[in-house]
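To start, the structure under review is shown below, and the notes come after it.
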Amino acid sequence: MGVLVVGSVALDSVQTPFGAVENVLGGSASYFSTAASFFTEVSLVGVVGDDFPSEAIALFREREINIDGLEQVPGRTFRWRGQYRYDLNEAITLETQLNVFESFRPKLPLAYQESPYVFLANIDPELQLDVLNQVKRPKLVACDTMNFWIQGKLEALKAVLQRVDLLTINEGEARQLAQEPNIVKAAHRILDMGPKVLIVKRGEYGALMFSDSTMFFAPAYPLETVYDPTGAGDSFAGGFMGYLANVDAVSEESMRQAIIMGSTMASFNVESFSLERLRTLTYPEIRERFRAFRSLVTFADLPETT
Ligand code: AMP
Numbered sequence: 000m001g002v003l004v005v006g007s008v009a010l011d012s013v014q015t016p017f018g019a020v021e022n023v024l025g026g027s028a029s030y031f032s033t034a035a036s037f038f039t040e041v042s043l044v045g046v047v048g049d050d051f052p053s054e055a056i057a058l059f060r061e062r063e064i065n066i067d068g069l070e071q072v073p074g075r076t077f078r079w080r081g082q083y084r085y086d087l088n089e090a091i092t093l094e095t096q097l098n099v100f101e102s103f104r105p106k107l108p109l110a111y112q113e114s115p116y117v118f119l120a121n122i123d124p125e126l127q128l129d130v131l132n133q134v135k136r137p138k139l140v141a142c143d144t145m146n147f148w149i150q151g152k153l154e155a156l157k158a159v160l161q162r163v164d165l166l167t168i169n170e171g172e173a174r175q176l177a178q179e180p181n182i183v184k185a186a187h188r189i190l191d192m193g194p195k196v197l198i199v200k201r202g203e204y205g206a207l208m209f210s211d212s213t214m215f216f217a218p219a220y221p222l223e224t225v226y227d228p229t230g231a232g233d234s235f236a237g238g239f240m241g242y243l244a245n246v247d248a249v250s251e252e253s254m255r256q257a258i259i260m261g262s263t264m265a266s267f268n269v270e271s272f273s274l275e276r277l278r279t280l281t282y283p284e285i286r287e288r289f290r291a292f293r294s295l296v297t298f299a300d301l302p303e304t305t
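See the structure below:
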């Protein structure tokens, strides 16, 4: 089994109301892989520059993430600078430097091509397509994207959407992509663009999963300590895809469990900056919080008569 991911591996500079960090490990593929590595084998495709710190490579190795597909080339690593105000649901991008991603063309190692579960994390949709063209018959292909690509590469993004089974996207970006303010209508418009399943991420308000005929809601875990929401979406996707690959089943039931696992991993991730919380996480802690999610939303039915 296992999951293949292509996405950004970044040096992030982030400011939240609770602190600031400069040039720390980030990127969609880094958060995704670390979260997924608790459940399954992960193969990472991406690129970094010669300024990429060896401690970050060490973290991938600690989590036993396969980085044969992570190229290191001359130049500067992708950089993202962002800010959150008191509304932690909205990331404000201050600067995006593509750097080595500008001339990157992924070449999948042979062993990666048979991966049954594929996640096209947030990155240039043309690179997402390059990866799709190199994998053989995956069981499930999911992807993520953001406003930067909806604005800048809409045609390539639409080509990706026609070829994926599932899309995860933030609520505001779902509205932007569908050009529709009502989220239920927007969801159905996006499903018409290709994916069979859509997961709309709503930050501290949880996530909604839509298919043509079903709807499911998962809350976010109410936490007292939220330091940095960066990577919440990607660690959500890592928990979701990692869990599906672990049980090796794609059904409404397994996807509902997987959404709770995604929400579980995201809830840990936001407790500290960069990958610090995921790095020290243990499986018993994951199981305990997964169960806490269950009790958060379990309630008795009404009696037959009142
Ligand atoms: P999220 O899970 O949505 O909070 O994603 C946060 C990560 O996305 C950060 O670590 C950034 O490095 C990365 N990121 C930000 N902008 C982009 C972009 N345009 N393409 C790829 N990755 C990005």
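Under numbering that gives the first Met the number 0, the sequence shown has 103 at position 104, and the numbering climbs by one with no breaks.
All C-beta atoms, glycine included, are put in the ideal place defined by N, C-alpha and C.
Can you name, in chain order, every residue of its own chain whose Cβ lies under 8 angstroms from the Cβ of residue i, other than the five neighbours on each side?
i	result
Ala158	Pro124, Leu128
Arg293	Ile259
Gln161	Met192, Gly193
Asp67	Ser42, Pro108, Ala110, Tyr111
Phe38	Gly238, Gly241, Tyr242, Ala244, Asn245, Met260
Can you find the residues in the same chain that come closer than 6 angstroms, C-beta to C-beta, to residue i, ignoring five residues on each side of it along the sequence?
i	result
Trp79	Ala9, Asp11, Thr95
Ala173	Ala185, Val199
Val20	Val13, Phe272
Asp49	Pro73
Ala257	Phe239, Tyr242, Leu243
Give me the residue from the options with the minimum Cα distance to residue i.
i	options	result
Pro108	Arg75, Thr167, Gly45	Gly45
Asp59	Phe77, Thr76, Ala35	Residue identity check: residue 59 is Phe in the sequence provided, not Asp. Residue Ala35 is the option with its Cα nearest to Phe59.
Ile122	Trp148, Pro115, Pro221, Glu70	Trp148
Gly74	Val199, Glu101, Asn88	Glu101
Ser32	Val20, Val4, Phe51	Val4
Asp164	Pro16, Pro115, Ser262, Leu222	Pro115
Gly25	Gln71, Ala231, Phe118, Gly171	Ala231
Glu113	Asp227, Asp233, Asp143, Leu131	Leu131
Asp190	Gly205, Lys106, Ser212	Strictly speaking, residue 190 in this sequence is Leu, with Asp absent from that position. The option with the nearest alpha carbon to Leu190 is Ser212.
According to DSSP, is residue i part of a helix, a strand, or is it coil?
i	result
Lys200	strand
Phe96	The sequence as given places Gln at residue 96; Phe does not occur at that position. Three-state DSSP puts Gln96 in a strand.
Asn181	coil
Leu58	helix
Ala219	coil
Val159	helix
Asn245	helix
Gly18	strand
Gly26	coil
Identify every residue that forms a DSSP beta bridge with residue i.
i	result
Leu301	In DSSP, Leu301 forms no bridge with anything.
Gln127	Beta-bridge pairing links Gln127 to no other residue.
Trp79	Asp11, Thr95
Asp143	Thr167
Ala120	Ala120 is not bridged to any residue.
Phe209	Leu197, Met214
Glu70	Val46
Val134	DSSP, once it has assigned bridges, lists no residue as partnering Val134.
Val269	DSSP lists no partner for Val269.
Given residue i, which residues of its chain have a CB within under 7 angstroms of its CB, disregarding the five upstream and five downstream residues?
i	result
Phe103	Val46, Leu126
When you measure from the CB of residue i to every non-hydrogen atom of the ligand COA, does any distance come out below 8 angstroms?
i	result
Met145	Absent from the structure shown: the ligand COA. Ligands present: the ligand AMP.
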